[in-house]
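Below is one structure; the comments refer to it alone.
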DNA sequence: TTAGGGTTAG
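In UniProt numbering, the protein residues as written are 1 to 695.
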């Protein structure tokens with residue numbers, strides 16, 4: 001048996017494909033090819049160093065198939081994430097006539113359960129679990145236990161995962177971690193944290209780096225920066241800073257909670273970055289509106305030789321969408337095509353979103369057409385994109401097509417569909433969608449409720465909006481804000497104020513920055529100057545909120561409408577946040593109304609510095625000149641518009657006849673064209689809504 | 001021969 005021992009030693013020395021092949025030929029030469037131990041060793045060596053085809057070939061040639069050999073081939077497929085094949089092989093294993101000891105053991109079960117988890121084969125996994133009831137020794141193996149927990153949590157069955165966990169008297173850190181991450185991945189973030197606390201405080205189990213990754217992810221999802229920071233401290237104390245997955249999780253936590261500066265410092269401190277590190281930081285910038293930084297980092301990543309993956313591209317495309325940078329978006333599209341992940345659902349969807357936000361709907365539609373597996377997110381990106389590009393009339397058709405394709409909307413998509421429909425203002429359509437919401441059981445969703453209120457408000461039916469609002473018992477801040485905004489857009493400022501005070505006095509909801517946008521603009525539209533200013537002070541002094549450019553814009557609008565142009569100018573000069581174009585725009589519009597060319601020119605100058613390609617602002621300025629008879633200046637502006645080739649999107653009118661929506665350019669020909677339609681349909685029931693829509 | 005983890009789209 002000397003030769004066998006020699007071969008076994010040779011196995012230990014094998015560290016690449018070449019030496020494995022050499023060993024294989026020696027085994028064949030020395031006549032040990034029937035030795036099941038050597039065969040298994042050889043299979044796992046091939047599994048490590050060669051292609052799966054070679055492993056399979058070797059397996060097929062084996063005269064005897066022991067459970068060890070089966071385990072080796074199952075692992076070879078599982079390691080390569082070939083889950084379907086792993087499952088099929090397992091089925092072959094249990095019905096194999098060549099096998100002598102083909103009863104699956106703990107190794108087999110943990111590998112196959114993983115395949116069931118990845119393939120979401122709940123029933124199959126449950127049968128395997130049933131089989132284990134007769135084999136306690138295997139069932140209580142820690143590896144099988146963690147595989148079972150992972151299987152149940154990937155199938156969304158956390159109560160079953162918990163039952164498995166409770167069977168273990170002394171679960172190890174991996175089992176505890178499997179539960180923590182199971183809860184985290186199924187959206188039970190509080191439970192994940194509670195489970196972690198139990199593990200550490202009650203059971204005295206020392207968390208390792210993997211446990212901490214799941215914990216940090218839960219903190220990020222809950223925006224629990226306090227706990228997250230303390231975990232960061234723990235990571236540093238324990239010397240886990242070199243664990244990239246953990247640092248990436250921390251980076252992501254700061255990114256998600258909007259602490260960009262800290263994320264930036266952490267990012268620069270990471271010496272060896274991987275694609276996840278880069279993608280997280282690029283995504284951090286995109287989500288926080290820093291599109292220039294995001295795209296610069298994307299280029300830096302490529303220059304440093306790190307290959308972007310689909311996730312990186314999605315984040316970079318978001319930055320293009322934020323910046324309206326169509327050229328850069330197209331370049332990234334090309335890159336995605338070259339790298340072969342253009343057709344991945346998330347990439348295609350991000351492309352649709354980018355093209356739509358860069359106002360190039362045709363390119364978005366091209367991407368959508370090419371997509372192989374359109375899911376609800378892709379459909380909704382298209383639908384919202386049309387609304388954004390002033391073609392909300394197409395949205396409802398897309399929604400119908402989506403339902404016909406068997407795609408069911410979720411809560412987020414319902415919100416988007418309602419928002420797109422609100423661009424049209426067709427009451428009949430709103431009622432249909434409301435019916436759909438009710439029949440699909442989305443009634444109690446506060447976000448959907450708020451969208452319905454907005455939709456009915458924009459369709460002119462404030463009564464329906466109030467009905468929806470009063471019908472929801474647990475009113476949260478989103479709902480209150482939506483209703484206040486509803487009163488606001490109807491010019492019913494007093495009622496908006498009344499509702500705001502009711503909210504403050506009689507509800508648990510605390511007004512946030514959005515609520516203040518709603519109430520301030522309600523005051524502005526109704527010309528309630530004093531009340532508006534009072535609300536603004538309340539926001540700062542009573543609620544400690546920091547007004548953004550949007551709030552300042554409304555205050556400027558408020559002062560501007562009532563002719564307080566100097567005061568408005570003063571507010572702008574003292575703004576602690578960057579002045580965005582719309583603030584100067586509000587002042588310029590006010591100057592036009594009140595014929596103040598002097599301040600108007602200051603506003604225009606600043607405005608055009610910030611955004612020199614917005615045709616609307618030039619037109620606003622030229623209108624101001626024409627009202628005041630400054631024809632020379634007017635001519636200059638007009639020629640500047642021509643020179644720059646700027647075009648203002650033309651307003652359109654929509655008319656719905658039966659179930660068809662028709663749009664017209666809103667000029668003098670509008671009415672005759674409408675009449676034509678009337679003639680066309682004769683005595684048929686016409687018109688639900690006629691609305692001038694500025695695109 | 002075996003385990004648990006980090007980035008993305010509406």
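Note that beta-carbon positions come from the ideal geometry of N, C-alpha and C, so glycine has one too.
Quantities reported herein were computed from a predicted structural model and do not represent experimental measurements.
Residue i to residue j, Cα distance in whole Å?
i           : j           : result
residue 302 : residue 348 : 21 Å
residue 219 : residue 225 : 7 Å
residue 299 : residue 482 : 41 Å
residue 12  : residue 43  : 13 Å
residue 352 : residue 308 : 19 Å
residue 630 : residue 390 : 34 Å
residue 696 : residue 529 : Outside the modelled stretch of the chain, which goes from 1 to 695, sits residue 696, for which no answer is possible.
residue 413 : residue 346 : 15 Å
residue 215 : residue 446 : 28 Å
residue 599 : residue 644 : 24 Å
residue 667 : residue 492 : Any reading at residue 667 is ruled out, since the residue's pLDDT is 47, under 50, leaving its predicted position unreliable.
residue 243 : residue 41  : 32 Å
residue 685 : residue 387 : Bear in mind that a pLDDT of 29 at residue 685, under 50, signals an unreliable position, so the model cannot answer this.
residue 281 : residue 246 : 15 Å
residue 622 : residue 633 : 8 Å
residue 200 : residue 178 : 15 Å
residue 340 : residue 572 : 49 Å
residue 184 : residue 207 : 16 Å
residue 465 : residue 384 : 22 Å
residue 27  : residue 102 : 24 Å
residue 253 : residue 263 : 8 Å
residue 627 : residue 557 : 20 Å
residue 91  : residue 56  : 16 Å
residue 467 : residue 393 : 26 Å
With residue i and residue j assumed to form a contact (beta carbons below 8 Å), what rounded beta-carbon distance in angstroms separates them?
i           : j           : result
residue 70  : residue 108 : 7 Å
residue 356 : residue 350 : That pair is no contact at about 11 Å.
residue 283 : residue 255 : 7 Å
residue 111 : residue 65  : Rounded, the Cβ-Cβ distance is 16 Å, inconsistent with contact.
residue 608 : residue 585 : Not really, about 11 Å apart at Cβ, beyond 8 Å.
residue 166 : residue 138 : That belief does not hold up - the Cβ atoms of residue 166 and residue 138 are roughly 18 Å apart, past 8 Å.
residue 83  : residue 119 : 5 Å
residue 322 : residue 289 : 6 Å
residue 548 : residue 570 : In fact, because the Cβ distance is near 19 Å, the residues do not count as touching under 8 Å.
residue 248 : residue 276 : 5 Å
residue 439 : residue 420 : Rounded, the Cβ-Cβ distance is 20 Å, inconsistent with contact.
Where do the ends of the alpha helix (DSSP H) carrying residue i lie?
i           : result
residue 259 : Per DSSP, residue 259 belongs to no alpha helix (DSSP H) and is neither H nor E.
residue 588 : 581-593
residue 115 : 106-119
residue 40  : 36-49
residue 523 : 513-525
residue 645 : Here residue 645 belongs to no alpha helix (DSSP H), and DSSP marks it neither H nor E.
residue 554 : 549-561
residue 443 : Premise fails: residue 443 is in no alpha helix (DSSP H) and is neither H nor E.
residue 189 : 189-197
residue 541 : 529-541
residue 362 : 361-370
residue 422 : 411-422
residue 71  : 67-79
residue 30  : Run containing residue 30: none; DSSP gives neither H nor E here.
By Cβ distance, which residues of its chain are closer than 8 Å to residue i, with the 5 residues on each side in sequence left out?
i           : result
residue 484 : 496, 499, 500, 503, 515, 518, 519 and 522
Starting from the C-beta of residue i, find all residues in its chain whose C-beta is less than 7 Å away, skip the five residues before and the five after it, and write them out in chain order.
i           : result
residue 488 : 496, 518, 521, 522 and 525
residue 543 : 511
residue 415 : 447, 448 and 451
residue 232 : 250
residue 270 : 247 and 277
residue 540 : 547
residue 16  : 49
Considering only residues of the same chain and omitting the five flanking positions on each side of residue i, which have a CB-CB separation below 6 Å?
i           : result
residue 122 : 155
residue 458 : 422 and 425
residue 8   : none
residue 116 : 124, 125 and 151
residue 14  : 20, 23 and 45
Is residue i close to the ligand GDP? I mean its beta-carbon at under 7 Å from any heavy atom of the ligand.
i           : result
residue 294 : Among the components modelled here there is no ligand, and therefore nothing to report on the ligand GDP.
Whole alpha helix (DSSP H) runs in the UniProt repeat "PPR" (476-510) with 4 or more residues, listed along the chain? 477-489 and 493-506
Segments assigned alpha helix (DSSP H), at least 4 residues, entirely inside the segment 120-163: 122-132, 136-139 and 142-154
Residue ranges of each alpha helix (DSSP H) within the segment 266-319, 4 or longer: 275-287 and 291-303
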